[in-house]
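Chains as they are written, first to last, in the numbering used here: chain A, 1 to 265; chain B, 266 to 463. All C-beta atoms, glycine included, are put in the ideal place defined by N, C-alpha and C. Being a predicted model, the structure only gives us computed values, none of them experimental. To keep things clear, I will list the structure first and then write my remarks on it.
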């Protein structure tokens with residue numbers, strides 16, 4: 001079976017479902033009409049633009065252009081991470097910790113995938129690098145933002161416990177270890193769920209897409225497994241790096257707790 | 266033994282004082298005067314100016330954890346980092362034998378921290394800070410929430426420490442306790458530390 005190419009007419013038919021939804025909301029006075037329509041229009045505009053952009057990037061296959069696309073993705077991920085934080089670090093570090101740890105984990109995992117398993121030719125082939133970066137970056141972003149938020153809110157909440165340990169002569173790594181562990185555990189729950197539920201409760205989106213596009217199911221499953229491993233590795237690595245960076249920044253070289261380095265509310 | 270010179274942070278300072286072995290010094294002052302801030306500075310828990318030394322060895326010249334094991338600080342609202350009482354004590358301590366010294370039943374070893382009353386927490390926080398390594402204790406209102414009998418137990422324990430050569434700097438709001446325990450009396454007033462006439 002070859003992939004069924006969709007016409008704009010097909011999409012228009014599918015959009016009737018959204019319109020129906022909006023109409024129901026209007027009749028039942030749910031107050032969602034506008035929200036649903038705006039979200040649907042945003043999805044159309046954003047995805048078509050991305051499609052056009054990727055078409056250009058794929059056609060040109062120029063390394064600087066690919067690099068620029070990846071950088072833009074990374075910057076917006078860093079912005080999102082900072083926006084998710086209840087207690088941000090002050091100054092540069094509000095973005096710095098999220099950006100550096102996300103970049104570290106994403107670049108490592110992509111390099112690993114390109115060199116170890118996918119081996120595209122040329123190695124920077126945008127058809128492989130850009131979607132791969134997208135799916136890994138998204139998951140690293142989740143891991144980093146959840147662990148960072150869990151860690152910094154816990155440090156603020158547990159201030160007296162941490163300082164009690166420091167006052168009795170524990171070093172900063174010992175005093176922060178339990179909080180680091182629990183932040184990491186929290187951040188890994190979604191990816192662990194995703195792996196355990198894969199195929200039973202949900203058919204992952206990427207695998208669904210590949211099967212619809214005509215790929216043999218076992219081959220699609222293999223691809224999905226590869227991606228799950230890559231995002232689990234990336235998210236875990238990113239979250240780990242983020243809690244270490246945050247632990248380093250929220251204490252100083254004299255083993256003091258420095259809550260003054262968080263933004264004041 | 267302990268010497269502090271020109272300590273300064275926020276509205277507090279410059280402050281200097283000395284503390285000899287076996288000596289207990291009381292620190293009084295109105296709430297918010299900076300008594301806890303002073304103790305925290307000596308523990309190097311906040312960035313500050315000035316220096317503190319123990320027998321000539323400067324705090325800044327050694328790792329902060331090593332300093333804090335010798336010059337130990339017990340906060341008024343000391344925190345708990347584990348659910349179980351026993352987890353807060355070094356494994357080489359016979360805790361069950363130690364607990365009755367501060368009027369807490371020995372089976373409290375197996376209790377969760379959540380079961381402790383305010384007064385029990387206060388005494389346990391002091392107990393966990395008493396280690397063979399500490400040479401100076403800085404206590405922030407060690408008996409503020411305690412009844413008479415428990416206070417006396419705590420004071421007896423502290424006197425035993427003084428006898429063994431430890432120096433104690435103690436914040437207290439109770440003039441009677443200051444008179445019982447301390448040989449010198451200091452007061453934090455308008456950001457300065459003043460010595461009260463004996």
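Beta-carbon neighbours of residue i, restricted to chain A and to distances below 9 Å
i: residue 337/B; result: 167, 168, 169
i: residue 333/B; result: 166, 167, 168, 169, 170, 255
Closer than 8 Å at the beta carbon, the chain B residues around residue i
i: residue 256/A; result: 309, 310, 311, 312, 329
Chain A contact residues for residue i, given Cβ-Cβ distances below 8 Å
i: residue 340/B; result: 160, 163, 164, 167
i: residue 444/B; result: Ordered by position in chain A, no residue passes the 8 Å Cβ test against residue 444/B, which lies about 28 Å from the chain.
Heavy atom of the ligand HEM within 7 Å of residue i beta-carbon
i: residue 232/A; result: In the structure on display, the ligand HEM does not appear, and there are no ligands present to speak of.
C-alpha gap between residue i and residue j, whole angstroms
i: residue 120/A; j: residue 114/A; result: 7 Å
i: residue 37/A; j: residue 380/B; result: 55 Å
i: residue 229/A; j: residue 309/B; result: 45 Å
i: residue 104/A; j: residue 232/A; result: 15 Å
i: residue 71/A; j: residue 65/A; result: 10 Å
i: residue 214/A; j: residue 4/A; result: 8 Å
i: residue 274/A; j: residue 172/A; result: As displayed, chain A neither begins before 1 nor continues past 265, which places residue 274/A out of reach and without an answer.
i: residue 372/B; j: residue 352/B; result: 14 Å
i: residue 291/B; j: residue 354/B; result: 27 Å
i: residue 438/B; j: residue 453/B; result: 12 Å
i: residue 320/B; j: residue 267/B; result: 6 Å
i: residue 155/A; j: residue 162/A; result: 8 Å
i: residue 89/A; j: residue 100/A; result: 14 Å
i: residue 322/B; j: residue 334/B; result: 14 Å
i: residue 196/A; j: residue 118/A; result: 24 Å
i: residue 133/A; j: residue 76/A; result: 13 Å
i: residue 46/A; j: residue 55/A; result: 14 Å
i: residue 244/B; j: residue 167/A; result: Residue 244/B is absent from the model: chain B starts at 266 and stops at 463.
i: residue 40/A; j: residue 201/A; result: 26 Å
i: residue 276/B; j: residue 151/A; result: 32 Å
i: residue 329/B; j: residue 457/B; result: 25 Å
i: residue 58/A; j: residue 52/A; result: 10 Å
i: residue 24/A; j: residue 205/A; result: 27 Å
i: residue 91/A; j: residue 13/A; result: 49 Å
i: residue 301/B; j: residue 164/A; result: 14 Å
i: residue 237/A; j: residue 143/A; result: 9 Å
i: residue 186/A; j: residue 33/A; result: 35 Å
i: residue 194/A; j: residue 78/A; result: 23 Å
i: residue 148/A; j: residue 264/A; result: 17 Å
i: residue 375/B; j: residue 344/B; result: 18 Å
i: residue 30/A; j: residue 9/A; result: 29 Å
Contact set between residue i and chain B, taken where Cβ atoms lie within less than 7 Å
i: residue 178/A; result: 346
Neighbour list for residue i in chain A, Cβ cutoff strictly below 7 Å
i: residue 394/B; result: 168
C-beta neighbour in chain E for residue i, strict 8 Å
i: residue 245/A; result: This model lacks chain E altogether, as its protein chains are A and B.
Would you say the region 270-282 of chain B touches the region 184-196 of chain A, given that touching needs at least three Cβ pairs under 8 Å?
-> Verdict: no, contact absent.
Is it true that the region 392-404 of chain B meets the region 336-355 of chain B, where meeting means three or more beta-carbon pairs spaced less than 8 Å apart?
-> Touching, yes, given that three or more Cβ pairs across the two stretches are closer than 8 Å.
Do the region 353-363 of chain B and the region 398-406 of chain B touch if we need at least three Cβ pairs shorter than 8 Å?
-> Output reads no: the region 398-406 of chain B does not touch the region 353-363 of chain B.
Interface positions of the region 343-360 of chain B facing chain A (Cβ-Cβ less than 7 Å), listed along the chain = Correct list: 343, 344, 345, 346.
So does the region 242-251 of chain A actually touch the region 176-185 of chain A, counting three or more Cβ pairs closer than 8 Å?
-> The region 242-251 of chain A is in contact with the region 176-185 of chain A.
Run through the region 318-350 of chain B for me and flag every whole alpha helix (DSSP H) of 4 or more residues, listed as ranges in chain order.
-> As summarised for the region 318-350 of chain B, the continuous alpha helix (DSSP H) elements at least 4 residues long and confined to that stretch are 329-335, given in chain order.
Mind listing, in chain order, the continuous alpha helix (DSSP H) runs of no fewer than 4 residues lying wholly within the region 5-46 of chain A?
-> DSSP runs (the alpha helix (DSSP H)) wholly in the region 5-46 of chain A: 8-27.
Can you list the alpha helix (DSSP H) stretches of 4 or more residues lying completely in the region 115-180 of chain A, in chain order?
-> Taking only runs of at least 4 residues, the alpha helix (DSSP H) segments lying wholly in the region 115-180 of chain A are 126-157, 159-167.
Taking three-plus beta-carbon pairs below 8 Å as touching, is the region 84-100 of chain A in contact with the region 218-229 of chain A?
-> The answer is no - the region 218-229 of chain A does not touch the region 84-100 of chain A, with fewer than three Cβ pairs under 8 Å.
Would you call the region 427-437 of chain B and the region 286-297 of chain B touching, i.e. three or more CB-CB distances under 8 Å?
-> As far as the Cβ criterion goes, the region 427-437 of chain B touches the region 286-297 of chain B, which means the pair count is three or higher.
Can you list the alpha helix (DSSP H) stretches of 4 or more residues lying completely in the region 370-458 of chain B, in chain order?
-> Correct list: 383-394, 413-428, 440-446.
For the region 381-389 of chain B against the region 406-426 of chain B, are there 3 or more C-beta pairs whose distance is under 8 Å?
-> At 8 Å Cβ cutoff, the stretches touch.
Are the region 121-130 of chain A and the region 48-66 of chain A in contact at 8 Å, needing three or more beta carbon pairs?
-> Yes, since at least three Cβ pairs between the region 121-130 of chain A and the region 48-66 of chain A fall closer than 8 Å, the two stretches touch.
With a floor of 4 residues, list each alpha helix (DSSP H) that falls wholly inside the region 177-232 of chain A, ordered by position along the chain.
-> The qualifying runs are 205-212.
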